[in-house]
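Just below is one structure, and these are the notes that go with it.
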Amino acid sequence: MPSPAEGSTESNHNVFRLPAGDLDDLAASLRRTIAEVREHGTLLDRLASEPTDGSSAAVRANHQHEQAARSFFILALGGAAYRDELEALTTWVDHLLLPVYGREISSARPWCARWQEHPEAVARLHGLWLAWQQYTDAEADLAGPATWHRDHLDHVMAQLRSPEGPFAACTTSMARPSHRLLPSPADLEEETA
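All residue numbers for the sequence shown refer to the numbering used here, where the first residue is -4 and numbers rise by one.
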């Protein structure tokens, strides 16, 4: 390469070269920064849509109702929207989650084939599915699946499959299928009233 003194066109520019490994690190850093900027944009949009402190209670209540109506969380849905979401969730649970992560059923790890009838299980599995969609999206960080396993899958499965979890009164042996919903605190209050 000619030196700047030999009349090179680079004499007016600083030449900057990166080793290939540094370029990969820079690209990963840029992807993380872009993801953070997107998160900040979402947060700013949400904050901009929230009512100010000076608004009336009725306006705040209406806004909260609108937010609930736009929620993706299955417990905020009703009617046909709930049924459709539960059907999609069931497909994911039956065809991806259980075949890969189901493990053996035992007294230490109960499961219920009728998990859709357990509100806690539906809520936890739906949250897990939403996180799976986010962390396995093509635009997610490359560490997304590992983050999903660590931050979501392990905790949810431990809660669901715990002997004290929502399936505590259900199947603990495939030879003896069983299903029973445990009473909720609200059910117990109604019984004593």
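Just so it is clear, CB atoms sit at the ideal spot from N, CA and C, and this is done for glycine as well.
| query | result |
| --- | --- |
| Please report the distance separating the alpha-carbon of Ser44 from that of Phe67. | 17 angstroms |
| Run the CB neighbour count on Arg100, radius 10 Å, all protein chains shown included, and call it buried at 16 or more, exposed below. | The question names Arg, yet the displayed sequence has Ile at residue 100. Burial call: buried. |
| Find the nearest neighbour of Thr86 within the set Glu115, Gly74, Trp110, Gly73, judged by alpha-carbon distance. | Trp110 |
| Do the stretch 159 to 168 and the stretch 113 to 123 meet, that is, are 3 or more Cβ pairs less than 8 angstroms apart? | yes |
| Taking one C-beta from the stretch 119 to 137 and one from the stretch 23 to 36 each time, how about it: are there three or more such pairs within less than 8 angstroms? | yes |
| Where do the ends of the alpha helix (DSSP H) carrying Arg119 lie? | 114 to 130 |
| Excluding the 5 residues flanking Ile69 on each side, which residues of the same chain have their C-beta closer than 8 angstroms to its C-beta? | Tyr77, Glu80, Leu81, Leu84, Val117, Ala118, His121 |
| Helix, strand or coil: how does DSSP classify Thr28 here? | helix |
| If you draw a straight line from the alpha carbon of Leu148 to that of Pro140, how long is it in whole angstroms? | 10 angstroms |
| Using alpha carbons as the reference points, say which of Ala75, Ile29, Val88 lies closest to Leu125. | Val88 |
| On a CA-only basis, which of Ala170, Pro94, Glu112 is nearest Pro178? Give me that one, please. | Glu112 |
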